[in-house]
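Undergrad: Starting off with a structure, shown below.
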Amino acid sequence: MTKYISILALSTALTATGAAAQEKLTISVYSFAQDAYKEVLYDPFEEMCGCELVIETGNSVERMAKIEANAADPVIDMAVISSHDALSLARKNLLQPIDTSRLQSFDKLYTAAQDPIGDNMAVGYTFYASSIVYRSDLVSIESWNDLLGEKLADNVALPNITGTQGPLTLMMLNKAEGGKPGEFAGTISAIGKHADDIVTFYSRSSELAQLMNQEEVIAAPVGRFAWSRFKSSPLPFAWAEPKEGQAGGMNVMIMTANNGNEDLAYKLMDYWLSTEVQTRIAEALIDSPANTEVKVSDEVAENLTYGAELINSLNILDPSVIIANRDAWVEQWNNEVIR
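In case it helps, mature numbering (1 follows the signal peptide of the UniProt record, and there is no 0) puts the sequence shown at residues -21 to -1, 1 to 318.
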């Protein structure tokens, strides 16, 4: 009987140990490149920590709504999201500050990525440039204003105002027109006047790639993270370098308030930001690195937003400007552009 109890106790202990080894971390991420992320990030991390990652995807609106709806009892431990969406969540007290002393690679990050929305409420993990992809055999692009010019009429697509690329495109068109920074009313009105010349206002880069490969569209603003969709096409697409420069953005890591799983979340953040993992992600052409120590070949760099010179040259829209003006922009857009 004593022997039986001892075996039972040992079995219970082993079961408990196994359960502890299978801690779970629930993260909310973009749906983009999830198979590739599984290979270069999720699977190696699970093997290293002996834990399980629960991956949730969706568009930004859905993911933010889920975090807000479960504020009292968080179901998301950590998320990656745009800097302005992170600021919106922080202002609703849905996030907790990040203890950067727990991130070994923190000092290796570009300065802009270390505290992108203030109060250490987020840390940047990737930058992206945004410019105009165009058919180099059919048209040349010198300025962001070319998007509304006669040579592209009936052959251009623009991003919807509610997408990530929408405000960035407004910023660059506004700059090209000599407008006051952050005041886009005139730019939206100009787009409205040319609405009949625009093939579509796209919401997803995959939708745009299909239209351009079908030769219905020959020029459109797009984020660098989607450039591979066009570069691999048999059609001669090119990446524009307009005289006003390129727009830029940053995606960030955030941690939900009072989730109770902070230790494991910090482990993933630290792993994700490490030189080794950021290099692996860059070489897989998934995301551009925020870690300054990442070194890649010229061939890989061509597909990324890579290097201090490029990153420091980007026109980045202040997240607080987006939050302060987004509702007014959308209302004017619906009235003058969508009609």
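Ideal Cβ placement from N, Cα and C applies to all residues, glycine included.
Provide the residue span of the beta strand (DSSP E) that contains S185, from first to last.
TA: Taking the first residue of the sequence shown as 1, we reach residue 185 at position 206. Where S185 is concerned, there is no enclosing beta strand (DSSP E), although the alpha helix (DSSP H) it sits in stretches over S184 to N192.
Undergrad: Which residues share a DSSP beta bridge with F180?
TA: As a working mapping, residue 180 is identified with position 201 in the sequence shown. DSSP, once it has assigned bridges, lists L137 as partnering F180.
Undergrad: Which residues in the same chain have their Cβ closer than 8 Å to the Cβ of A169, if we skip the five residues on either side of it in sequence?
TA: By one-based count along the sequence shown, residue 169 stands at place 190. Once the five neighbours on either side are set aside, the close Cβ partners of A169 are L127, L152 and E156.
Undergrad: What's the call for N313, buried or exposed, on a 16-neighbour Cβ count within 10 Å?
TA: Position 334 of the sequence shown, counted from the start, is the residue given in the question as residue 313. Exposed, because fewer than 16 other Cβ atoms sit within 10 Å of the Cβ of N313.
Undergrad: Below 8 Å, can you find three or more Cβ-Cβ pairs linking the segment 39 to 49 to the segment 293 to 300?
TA: The segment 39 to 49 vs the segment 293 to 300: no contact.
Undergrad: Once you ignore the five residues that flank I265 on each side, which residues in its own chain have a CB closer than 6 Å to its CB?
TA: Indexing the sequence shown from 1 puts residue 265 at position 286. So the list reads A12 and A15, once near-sequence residues are dropped.
Undergrad: Could you work out which residue in L4, K222 and E186 is closest to E25 when comparing CA atoms only?
TA: The residue given as residue 25 occupies position 46 in the sequence shown. The shortest Cα separation from E25 among L4, K222 and E186 belongs to L4.
Undergrad: Within this structure, are the beta carbons of I6 and L32 separated by less than 8 Å?
TA: Looking up residue 6 in the sequence shown gives position 27. Looking up residue 32 in the sequence shown gives position 53. Result yes, Cβ atoms of I6 and L32 sit closer than 8 Å.
Undergrad: Taking the CB atoms as reference points, tell me whether A92 and A307 lie closer together than 8 Å.
TA: The residue given as residue 92 occupies position 113 in the sequence shown. The residue given as residue 307 occupies position 328 in the sequence shown. No, the Cβ-Cβ distance between A92 and A307 is not below 8 Å.
Undergrad: CB-CB under 8 Å to T166, same chain, minus the five flanking residues each way: which ones, in chain order?
TA: As a position in the sequence shown, residue 166 is number 187, starting the count at 1. Within the same chain, T166 has close Cβ partners L149, L152, N153, E156 and G158.
Undergrad: Applying the 10 Å Cβ sphere with the 16-neighbour rule, what's the burial state of V316?
TA: Working through the sequence shown from its first residue, we reach residue 316 at position 337. Counting Cβ neighbours within 10 Å, V316 comes out buried, since at least 16 surround it.
Undergrad: Run through the DSSP bridge pairs and tell me what K3 is partnered with.
TA: If you number the sequence shown from 1, residue 3 lands on position 24. Answer is E31, bridged to K3.
Undergrad: Can you tell which of I302, A132, I34 and A280 has its C-alpha closest to the C-alpha of I177?
TA: The residue you call residue 177 lines up with position 198 of the sequence shown. Nearest C-alpha to I177: A132.
Undergrad: Count the other CB atoms within 10 Å of the CB of N134; is the residue buried (16 or more) or exposed (fewer)?
TA: As a first step, residue 134 must be located in the sequence shown, where it is residue number 155. Buried is the call here.
Undergrad: Just reading off the alpha helix (DSSP H) that W218 is part of, what are its end residues?
TA: Sequence index remark: in the sequence shown, residue 218 carries index 239 (1-based). Here W218 belongs to no alpha helix (DSSP H); instead the beta strand (DSSP E) covers F216 to W218.
Undergrad: Leaving aside the five residues before and after G228 along the sequence, list all residues of the same chain whose C-beta is less than 6 Å from its C-beta, in chain order.
TA: In the sequence shown, the residue the question calls residue 228 occupies position 249. So the list reads Y107, once near-sequence residues are dropped.
Undergrad: For the beta strand (DSSP E) that A199 lies in, which residues bound it at each end?
TA: To locate residue 199, count along the sequence shown from 1; it is residue 220. It spans A198 to G202 - the beta strand (DSSP E) in which A199 sits, taken as one unbroken run.
Undergrad: Answer yes or no: do T254 and V275 have a C-beta to C-beta separation smaller than 8 Å?
TA: Along the sequence shown, read from residue 1 onward, the residue named residue 254 stands at position 275. Along the sequence shown, read from residue 1 onward, the residue named residue 275 stands at position 296. Not closer than 8 Å, so no.
Undergrad: Are the beta-carbon atoms belonging to T235 and L82 less than 8 Å from one another?
TA: Taking the sequence shown and counting its residues from 1, the one referred to as residue 235 is at position 256. Taking the sequence shown and counting its residues from 1, the one referred to as residue 82 is at position 103. No; because the gap between Cβ atoms is not below 8 Å, this pair is not in contact.
Undergrad: How is M43 classed by DSSP in three states: helix, strand or coil?
TA: Within the sequence shown, residue 43 is the residue found at index 64, counting from 1. M43 falls in the helix class under three-state DSSP.
Undergrad: Throw me the rounded Cβ distance for the S62 and K222 pair, which I believe falls under 8 Å.
TA: Residue 62 sits at position 83 when you count from the first residue of the sequence shown. Residue 222 sits at position 243 when you count from the first residue of the sequence shown. That pair is no contact at about 26 Å.
Undergrad: Can you find the residues in the same chain that come closer than 7 Å, C-beta to C-beta, to G(-4), ignoring five residues on each side of it along the sequence?
TA: Taking the first residue of the sequence shown as 1, we reach residue -4 at position 18. The pLDDT assigned to G(-4) is 45, lower than 50, so where the model puts this residue is not dependable; a value taken from the coordinates is nonetheless given after this. Same-chain partners within the cutoff: there are none.
Undergrad: Determine the DSSP secondary structure at Y113, reduced to helix, strand or coil.
TA: Looking up residue 113 in the sequence shown gives position 134. Reduced to three states, the DSSP call for Y113 is strand.
Undergrad: List the residues that DSSP assigns as beta-bridge partners of V8.
TA: On the sequence shown, residue 8 is found 29 positions in, with the first residue counted as 1. Paired residue(s): T36.
Undergrad: What are the partner residues of L252, as DSSP defines its beta bridges?
TA: Counting from 1 along the sequence shown, the entry for residue 252 is found at position 273. Answer is none; L252 lacks a bridge partner.
Undergrad: Please report the residue range of the beta strand (DSSP E) in which G161 lies.
TA: Mapped onto the sequence shown, residue 161 falls at position 182. Where G161 is concerned, there is no enclosing beta strand (DSSP E), given that its DSSP letter is neither H nor E.
Undergrad: Would you check if the distance between the CB atom of L20 and the CB atom of I233 is smaller than 8 Å?
TA: What you label residue 20 is simply residue 41 of the sequence shown in a count that begins at 1. What you label residue 233 is simply residue 254 of the sequence shown in a count that begins at 1. No, the Cβ-Cβ distance between L20 and I233 is not below 8 Å.
Undergrad: Of the residues E186, D116 and P138, which one's Cα is nearest the Cα of F216?
TA: Here residue 216 corresponds to residue number 237 of the sequence shown, with the count starting at 1. The candidate whose alpha carbon is nearest that of F216 is D116.
Undergrad: So the candidates are F204, I290, G29 and G103; which of them puts its Cα closest to the Cα of D64?
TA: One-based indexing of the sequence shown puts residue 64 at position 85. Residue G103 is the option with its Cα nearest to D64.
Undergrad: For Y107, list the residues DSSP reports as bridge partners.
TA: Locating residue 107 in the sequence shown gives position 128, where the first residue counts as 1. Looking at the DSSP assignment, Y107 forms a beta bridge with G228.
Undergrad: Determine the burial state of K(-19): buried for a count of at least 16 other Cβ atoms within 10 Å of its Cβ, exposed for fewer.
TA: Here residue -19 refers to the residue found at position 3 of the sequence shown. Any reading at K(-19) must be qualified, since the residue scores a pLDDT of 48, below 50, and its modelled position is unreliable; the value itself is stated next. Per the 10 Å Cβ criterion, exposed.
Undergrad: Rounded to a whole number of angstroms, what is the C-alpha to C-alpha distance between I55 and I120?
TA: Here residue 55 is taken as the residue at index 76 of the sequence shown, counted from 1. Here residue 120 is taken as the residue at index 141 of the sequence shown, counted from 1. Cα to Cα, the separation comes out at about 43 Å.
Undergrad: With distances taken from CA atoms, which of P53, Q144 and K45 is nearest N230?
TA: In the sequence shown, counting from the first residue as 1, residue 230 sits at position 251. Comparing Cα-Cα distances from N230 to each of P53, Q144 and K45, the minimum goes to Q144.
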